[in-house]
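Inspection log for the structure reproduced underneath, given as structure tokens.
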Amino acid sequence: MGLSLDRRVSAALQQPAAAPAIAIRPARIEDLDALVALEHAAFSIDRAERRAIRHAIRSASMTVLVALADDGDGREILVGAATLERRRGSRNARLSSIAVSPARAGLGLGGLVLDAAEADARTHGCTHLRLEVRADNGAGIRLYERRGYTRFAVIADYYEDGMEAWRYVKALA
């Protein structure tokens, strides 16, 4: 005989839920509205403006990556993003922004987006990736330090609310 309803429900609850598949690709101009919405959801201050995001998408010296998940109805929703900047003649790239939908925080999405950003920097011939992070962003700091980033500077009064930034760098293998 089969399991009782209680045992079937209990067994189902003990099964780990499959993590939703995430696709990461370069942003397209059609992503602009969703990127602006993510910026507003993820940050309360120091948000990138719409025109800056549009410029980054179109710029040859920048890459905007978007992380997409299925919304359950077969449509993709934007759940994360990263913006990288490169300078001609430099082997350093700068991660100027990384954002994850607050509804998806703590699920490892930041690490996936960071991995994709590092891969993009390598593809463009960069040997180092630099970034700034708010000194009060404990989750971000832990992520970067776990991923091999080294703090090399502190910048006082960096953010519009006066918070300092910690500068990190990682050598890309």
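Under the working numbering, the sequence shown has 86 at position 86, and the numbering climbs by one with no breaks.
All C-beta atoms, glycine included, are put in the ideal place defined by N, C-alpha and C.
Excluding the five sequence neighbours on either side, which residues of its own chain have a C-beta within less than 8 Å of the C-beta of residue i, listed in chain order?
i: Arg-87; result: Ser-61
i: Leu-68; result: Ile-22, Ala-23, Ile-24, Arg-25, Glu-76, Ile-77, Leu-78 and Val-79
i: Leu-32; result: Arg-50, Ile-53, Arg-54 and Ile-57
Looking at the unbroken alpha helix (DSSP H) that takes in residue i, where does it start and where does it end?
i: Ile-22; result: Per DSSP, Ile-22 belongs to no alpha helix (DSSP H); it is in the beta strand (DSSP E), 22-26.
i: Ala-37; result: 32-42
i: Gly-108; result: From DSSP, Gly-108 is part of no alpha helix (DSSP H); its letter is neither H nor E.
i: Ala-173; result: Run containing Ala-173: none; DSSP gives neither H nor E here.
Can you tell me whether DSSP reads residue i as helix, strand or coil?
i: Leu-114; result: helix
i: Arg-151; result: strand
i: Leu-65; result: strand
i: Tyr-168; result: strand
i: Asp-157; result: coil
i: Asp-120; result: helix
From what residue to what residue does the beta strand (DSSP E) around residue i run?
i: Glu-76; result: 76-86
i: Glu-132; result: 128-134
i: Ile-98; result: 92-100
Taking Cβ positions, are residue i and residue j nearer each other than 9 Å?
i: Leu-172; j: Leu-129; result: yes
i: Ser-97; j: Ala-82; result: yes
i: Leu-143; j: Ala-99; result: no
Counting only beta-carbon separations shorter than 9 Å, does residue i have a partner in chain C?
i: Gly-138; result: No chain C appears in this structure, which consists of one protein chain only.
Whose C-beta lies closer than 6 Å to the C-beta of residue i among residues of the same chain, with five residues either side of it excluded?
i: Arg-91; result: Cys-126 and Thr-127
i: Val-64; result: Ala-27, Ala-56, Ile-57 and Thr-83
i: Tyr-149; result: Tyr-168 and Lys-170
Who are the Cβ neighbours of residue i in its own chain at under 7 Å, not counting the five residues just before and after it?
i: Asp-6; result: A caution first: Asp-6 carries a pLDDT of 44, below 50, which makes its placement in the model too unreliable to give a value.
Using only the heavy atoms of the ligand NAD, determine whether one of them is closer than 8 Å to the beta carbon of residue i.
i: Leu-38; result: The model on display carries no ligand, and the ligand NAD is accordingly not part of it.
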